[in-house]
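Trainee: Protein chains in written order, with this note's numbering: chain Y, 151 to 594; chain C, 5 to 336.
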Amino acid sequence: MNDLFFARSQMGMSLAFHIIFAVIGMAMPLLMAVSEGCYLRTKKPIFLELSKRWAAGTTILFAVGAVSGTVLSFELGLLWPKFMQYAGGIIGMPFSLEGFAFFTEAIFLGIYLYGWNRVPPVLHWLAGIVVAVSGVLSAVFVVLANSWMNAPAGFDVVNGQPTNIDPIAAMLNPASLHETIHMVLAAYVATAFLTAGIHAFFLLRDPQNTFHRASCSIALVVACISIPLQMLSGDFAAREVAKLQPPKLAAMEAHYQTGTGVPLVIGGIPNDDTGKVSYALQIPYGLSMLVGYNPQTKVVGLEDFPRDQWPNVPLVHWSFDIMVGAGSAMLAVAAWVAWGWWRTRRLPDNKWLLRALVCCSPLGFIAVETGWFVTELGRQPWIIYGFMRTRDAVTPMPGLIVPFTTFTTVYLLLAVIVIFLLRRQFMETRPHWIKRETFKKEPV
Amino acid sequence: MLGTLLAAVILAALVLYALMGGADYGGGIWDLLASGPRAQRQRHAIVEAIAPIWEANHVWLVLVIVLLFTGFPRAFSAIMIALHIPITVMLIGIVLRGSAFVFRKYDSTDDAVQRRWSTVFGIASFFTPFFQGLTMGALTTGDIRFLGDRVTTGFFAGWLTPFALTCGFFALALFAFLAATFMTVETQAEPDLQQDFRLRALWAEAALIPLATVVFITSKYGAPFMYQGLTNWWAPVLLGWTALSAITATLALWFRKFYLARIAAVAQVTFVLLGWGLAQFPHLVTPDVTIQNAAAPESTLKLLLVALGAGAVVLLPSLLYLFQIFKRQEQR
Chain Y
151 MNDLFFARSQ MGMSLAFHII FAVIGMAMPL LMAVSEGCYL RTKKPIFLEL
201 SKRWAAGTTI LFAVGAVSGT VLSFELGLLW PKFMQYAGGI IGMPFSLEGF
251 AFFTEAIFLG IYLYGWNRVP PVLHWLAGIV VAVSGVLSAV FVVLANSWMN
301 APAGFDVVNG QPTNIDPIAA MLNPASLHET IHMVLAAYVA TAFLTAGIHA
351 FFLLRDPQNT FHRASCSIAL VVACISIPLQ MLSGDFAARE VAKLQPPKLA
401 AMEAHYQTGT GVPLVIGGIP NDDTGKVSYA LQIPYGLSML VGYNPQTKVV
451 GLEDFPRDQW PNVPLVHWSF DIMVGAGSAM LAVAAWVAWG WWRTRRLPDN
501 KWLLRALVCC SPLGFIAVET GWFVTELGRQ PWIIYGFMRT RDAVTPMPGL
551 IVPFTTFTTV YLLLAVIVIF LLRRQFMETR PHWIKRETFK KEPV
Chain C
5 MLGTLLAAVI LAALVLYALM GGADYGGGIW DLLASGPRAQ RQRHAIVEAI
55 APIWEANHVW LVLVIVLLFT GFPRAFSAIM IALHIPITVM LIGIVLRGSA
105 FVFRKYDSTD DAVQRRWSTV FGIASFFTPF FQGLTMGALT TGDIRFLGDR
155 VTTGFFAGWL TPFALTCGFF ALALFAFLAA TFMTVETQAE PDLQQDFRLR
205 ALWAEAALIP LATVVFITSK YGAPFMYQGL TNWWAPVLLG WTALSAITAT
255 LALWFRKFYL ARIAAVAQVT FVLLGWGLAQ FPHLVTPDVT IQNAAAPEST
305 LKLLLVALGA GAVVLLPSLL YLFQIFKRQE QR
């Protein structure tokens, strides 16, 4: 275990930590805005209470997201100075734009969270909309920078130095569209299922609670709209990856031998030396169908690439399967919800459905994390795909185990405290007065 | 030319960070040092003043960093290698401060729990600006050297010098002064609290004078390039303005003209950083990394400046709106 290993671990850990808060910070404002919109229309206090309580939780998460995001902007240079020296002028643009988007988000979040009694209701609601929109823009800009690392564009290399730099072309690289769509939808899916799951948990204990019923309904509307779209965007993304980064796709599918009529390999234990996957579930012609809609589509396998350009196949393959599995489970539950809703015109009371929702609550975040494992581990050994290897970008600083251990400890502590505080926030201020009100109309 | 323009924008963002984010650190310092019969109320007033705006204030730092790595990638890379250690410590401070602040707000109102978060918040508010000042000072020392793109002076050069350490203390005192002065305006409605912060502002200003002198003296050997810069023709002018704003701030605090004190404090901090920037010019890391040799290609700089212009159109009115909402009752 050398400094490169610890640099990668620190970066990975920081990103994995930050993304949870970033995702919630970007999707919760939408839920809050929907709820507050319902309040403005119906004037039912339950919706106002709901927006306020969601906002209180979001404050904590947003703060941790802001500071851990600041750490990341420094870590780009602290850990990968040679990458930043090479790429700063090319992809600094989306980062700068992200800076502005984040600024707007922080300003209007301040207004939203602390301005309940200081600005007129409609303006307050609009501030929430601005937060939701600028949150999405922040995410889009950051992902644009990442997509460039996967599909570099907008520069020429002369004598090992990037020249003829076109930052716009770099931003609008071939991977930008599918990566940004997939990430934005992922944020809505993950946050909506988490929120729905939490409120479903309380509904199971107290089925008549109209507050949790309203919360669960709003979250489920977002969840049921975003998950099918997310599955479609995932399908689109996979075919783009097949074109842009064939070794990544091959690793995702644990696909070693180039050929036609390729089966889809699910699970199993890939073996790089033999090129075989043991104990896997195989769907004949599956991969060929997915990549080219034709059982005879040729799919390039890992064997066509030098061994030192392979990513870690088992990790990428398992991460990919976990992500797809989580997505499929959420899609199934969403279909169940939609079916019940369509039949009874209200959120179904079925205990088993509520239990399924509780089980689904962490799945969106598991999919977000494993999805990023696929993107980032699948890009290895490159930091800029095809141009710069990760090992050539790392800082000459020795002893990187120290900052890695420090940040890991700090983040673990923060995670424990955040969970504790959110839990308390939730239990203590349960507004029993809301139960008295009958809640007839669904929010949509 | 474009590089110089961008460097000026970065300096401006840094000044704004010092004025807004810096004051938040100062708030944390006074939170930790809260004392006397009104300690509880002092802390409460600080929290009330910071809570709605600290996230926005903090983003100035992010903006400085992204502008630095977009516009001057070579300088960013060099700084992050040579000053890895103090910057990492500063980052931990940023994480602890931000989290402790929001945790305190949402944790139990029990006094012991509140004190615990308060302590974390306060301590982090102490060492974060200290390491920020130290990092800025280290860039100026001239001790960090490069051969091509390789740092030749290791990971401890510059920031352990007396000059850099004094810069750290100077930043601390400057932010403490700024925060206390701002708080005198925020506590209009509570004269006893206002008096507390007035005294604190005066004490901080009193500490700044000897610290500024030490910075100047240590710079002769500790930061020779800056010392030369400070003996240029413009230096007496700038020094005069800094001194004038410091005297104005002190007198205004003394005679309880708190709005005037706030303006003078803002001017004082601005002039200090402006002086640092001018003395540093055209170096980013003295003496090997300059605006010229670290700048990104023209196409990037142009686009970046256009984006900055467009961004400012959205940002500045929003920021004014934010401050107007939360700071308006004091302008009665």
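Here a beta-carbon is modelled for each residue, glycine too, at the ideal position from N, C-alpha and C.
I need the straight-line Cα distance from A350 of chain Y to I57 of chain C, nearest angstrom please.
Mentor: Sequence index remark: in the first sequence, residue 350 of chain Y carries index 200 (1-based). Sequence index remark: in the second sequence, residue 57 of chain C carries index 53 (1-based). The alpha-carbon atoms of A350 of chain Y and I57 of chain C are separated by roughly 35 Å.
Trainee: Which of helix, strand or coil does DSSP assign to D458 of chain Y?
Mentor: Here residue 458 of chain Y refers to the residue found at position 308 of the first sequence. D458 of chain Y falls in the helix class under three-state DSSP.
Trainee: In chain order, what residues of the same chain lie with their CB nearer than 6 Å to the CB of F131 of chain C, ignoring the 5 residues before and after it?
Mentor: Within the second sequence, residue 131 of chain C is the residue found at index 127, counting from 1. G97.
Trainee: Which residue comes first and which comes last in the beta strand (DSSP E) that contains Q311 of chain Y?
Mentor: By one-based count along the first sequence, residue 311 of chain Y stands at place 161. Where Q311 of chain Y is concerned, the enclosing beta strand (DSSP E) stretches over Q311 to T313.
Trainee: What do you get for C509 of chain Y, buried or exposed, if any count of 16 or more other CB atoms within 10 angstroms of its CB means buried?
Mentor: The residue labelled residue 509 of chain Y in the question sits at position 359 within the first sequence. Exposed, by the Cβ-count rule.
Trainee: Which of the three DSSP states is assigned to G172 of chain C in this structure?
Mentor: If you number the second sequence from 1, residue 172 of chain C lands on position 168. Three-state result, G172 of chain C: helix.
Trainee: So, is the C-beta of V214 of chain Y closer than 8 Å to a C-beta in chain C?
Mentor: As a working note, residue 214 of chain Y is residue 64 in the first sequence. Cβ-Cβ to chain C under 8 Å: yes for V214 of chain Y.
Trainee: Leaving out the 5 sequence neighbours to the left and right, which residues in its chain are closer than 7 Å to F73 of chain C when beta-carbon positions are compared?
Mentor: Against the second sequence, residue 73 of chain C aligns to sequence position 69. For F73 of chain C, where only same-chain residues beyond five positions count, the Cβ hits under 7 Å are F80.
Trainee: Output yes if chain C places a C-beta closer than 8 Å to the C-beta of M243 of chain Y; else output no.
Mentor: Counting from one through the first sequence, the residue named residue 243 of chain Y turns up at place 93. With its beta carbon less than 8 Å from one in chain C, M243 of chain Y belongs to the interface.
Trainee: Could you pull out every residue in the same chain whose Cβ sits closer than 6 Å to the Cβ of W298 of chain Y, ignoring the five residues on either side in sequence?
Mentor: The residue you call residue 298 of chain Y lines up with position 148 of the first sequence. The residues are I241, A320 and N323.
Trainee: What does T208 of chain Y reach in chain C if we use C-beta pairs closer than 8 Å?
Mentor: Taking the first sequence and counting its residues from 1, the one referred to as residue 208 of chain Y is at position 58. Ordered by position in chain C, no residue passes the 8 Å Cβ test against T208 of chain Y, which lies about 11 Å from the chain.
Trainee: Run through the segment 42 to 96 of chain C for me and flag every whole alpha helix (DSSP H) of 4 or more residues, listed as ranges in chain order.
Mentor: Contiguous alpha helix (DSSP H) elements confined to the segment 42 to 96 of chain C occur at 43 to 54, 58 to 75 and 77 to 86, taking only those with 4 or more residues.
Trainee: Hey, out of C:M140, C:I33 and C:E52, whose CA is closest to L18 of chain C's CA?
Mentor: Along the second sequence, read from residue 1 onward, the residue named residue 18 of chain C stands at position 14. Cα-wise, what sits closest to L18 of chain C is C:M140.
Trainee: Who are the Cβ neighbours of F327 of chain C in its own chain at under 8 Å, not counting the five residues just before and after it?
Mentor: Position 323 of the second sequence, counting from 1, holds the residue named residue 327 of chain C. Answer for F327 of chain C: I57, listed in chain order.
Trainee: Taking the alpha carbon of L507 of chain Y as the reference point, which residue from Y:G347, Y:I315 and Y:K501 has its own alpha carbon closest?
Mentor: The sequence position of residue 507 of chain Y within the first sequence is 357, counting from 1. The shortest C-alpha separation from L507 of chain Y is found at Y:G347.
Trainee: For the segment 248 to 261 of chain Y and the segment 156 to 173 of chain Y, state whether three or more C-beta atom pairs, one from each stretch, are separated by less than 8 Å.
Mentor: The segment 248 to 261 of chain Y and the segment 156 to 173 of chain Y do not touch, with fewer than 3 CB-CB distances between them shorter than 8 Å.
Trainee: To be precise: take each residue of the segment 245 to 263 of chain Y, compare its Cβ to all Cβ atoms of chain D, and keep it if any distance is under 8 Å. Which residues remain?
Mentor: No chain D appears in this structure, whose protein chains are Y and C.
Trainee: Between M473 of chain Y and chain C, is there a C-beta pair that is closer than 8 Å?
Mentor: Within the first sequence, residue 473 of chain Y is the residue found at index 323, counting from 1. No, because no Cβ of chain C sits closer than 8 Å to the Cβ of M473 of chain Y.
Trainee: What number of angstroms, rounded off, separates the C-alpha of A314 of chain C from the C-alpha of D499 of chain Y?
Mentor: The residue given as residue 314 of chain C occupies position 310 in the second sequence. The residue given as residue 499 of chain Y occupies position 349 in the first sequence. Distance between the alpha carbons of A314 of chain C and D499 of chain Y: 51 Å.
Trainee: If you pair each beta-carbon of the segment 93 to 113 of chain C with each one of the segment 220 to 236 of chain Y, do three or more pairs fall below 8 Å?
Mentor: yes
Trainee: Look up K426 of chain Y in the DSSP assignment and give the residues it is bridged to.
Mentor: To locate residue 426 of chain Y, count along the first sequence from 1; it is residue 276. K426 of chain Y pairs with Y:N421.
Trainee: Can you check the segment 170 to 253 of chain Y for any alpha helix (DSSP H) of at least 4 residues that lies completely inside it and give the ranges in chain order?
Mentor: 195 to 229
Trainee: Hey, out of Y:W275, Y:P244 and Y:G475, whose CA is closest to F291 of chain Y's CA?
Mentor: On the first sequence, residue 291 of chain Y is found 141 positions in, with the first residue counted as 1. The option with the nearest alpha carbon to F291 of chain Y is Y:P244.
Trainee: With a threshold of 8 Å between beta carbons, is Y429 of chain Y in contact with chain C?
Mentor: On the first sequence, position 279 is the one that residue 429 of chain Y refers to. No, no contact with chain C.
Trainee: Closest to L181 of chain Y by C-alpha separation, out of Y:A205, Y:M161 and Y:Q358, would be which residue?
Mentor: By one-based count along the first sequence, residue 181 of chain Y stands at place 31. It is Y:A205 whose Cα lies nearest to the Cα of L181 of chain Y.
Trainee: Give the residues from the segment 291 to 306 of chain C that approach chain Y closer than 7 Å (Cβ to any Cβ), ordered along the chain.
Mentor: A300, P301, S303 and T304
Trainee: For H405 of chain Y, collect the residues of the same chain with a Cβ closer than 8 Å to its Cβ; drop the 5 residues on either side in sequence, then sort them by chain order.
Mentor: Stepping through the first sequence from its first residue, residue 405 of chain Y is reached at position 255. Taken in chain order, the residues that qualify are L399, V412, V415, L437, V449, G451 and L452.
Trainee: CA-CA distance, R580 of chain Y and R45 of chain C?
Mentor: By one-based count along the first sequence, residue 580 of chain Y stands at place 430. By one-based count along the second sequence, residue 45 of chain C stands at place 41. Its pLDDT being 49, under 50, R580 of chain Y is placed unreliably in this model, and the value from its coordinates should be taken loosely. Using only the alpha carbons, I get a separation of about 29 Å.
Trainee: In three-state terms, what does DSSP make of M538 of chain Y?
Mentor: Position 388 of the first sequence holds residue 538 of chain Y. Residue state, collapsed to three classes: strand.
Trainee: By the three-class DSSP mapping on this structure, what secondary structure does W532 of chain Y have?
Mentor: Reading the first sequence from its first residue, position 382 is the one you call residue 532 of chain Y. In the three-state scheme derived from DSSP, where H, G and I count as helix and E and B as strand, W532 of chain Y is classed as strand.
Trainee: Between C:Q296, C:T222, C:K306 and C:P291, which lies nearest to D147 of chain C when the distance is taken from Cα to Cα?
Mentor: Translated into the one-based positions of the second sequence, residue 147 of chain C becomes position 143. When only C-alpha atoms are compared, the closest one is C:P291.
Trainee: Express the C-alpha separation of A342 of chain Y and P593 of chain Y in angstroms, rounding to a whole number.
Mentor: Position 443 of the first sequence, counting from 1, holds the residue named residue 593 of chain Y. Position 192 of the first sequence, counting from 1, holds the residue named residue 342 of chain Y. Because the pLDDT at P593 of chain Y is just 43, under 50, the model does not fix this residue reliably, and the point stays unresolved.
Trainee: Under 8 Å by Cβ, that's how I've got T170 of chain C and V218 of chain C pegged, so tell me the actual separation to the nearest angstrom.
Mentor: Position 166 of the second sequence, counted from the first residue, corresponds to residue 170 of chain C. Position 214 of the second sequence, counted from the first residue, corresponds to residue 218 of chain C. Going by Cβ atoms, the distance from T170 of chain C to V218 of chain C rounds to 5 Å, so yes, they are a contact pair.
Trainee: Under a three-way DSSP split, which group does V449 of chain Y fall into?
Mentor: Counting from one through the first sequence, the residue named residue 449 of chain Y turns up at place 299. DSSP places V449 of chain Y in strand when its eight states are reduced to three.
Trainee: Between Y:W266, Y:A337 and Y:K232, which lies nearest to G310 of chain Y when the distance is taken from Cα to Cα?
Mentor: Within the first sequence, residue 310 of chain Y is the residue found at index 160, counting from 1. That would be Y:K232, whose Cα lies nearest to the Cα of G310 of chain Y.
Trainee: Pull out every residue of the segment 80 to 99 of chain C whose Cβ sits closer than 8 Å to any Cβ of chain Y, in chain order.
Mentor: Taking a C-beta cut-off of 8 Å against chain Y, the contacting residues of the segment 80 to 99 of chain C are F80, S81, A82, I83, M84, I85, H88, I91, T92, L95, I96, I98 and V99, listed in chain order.
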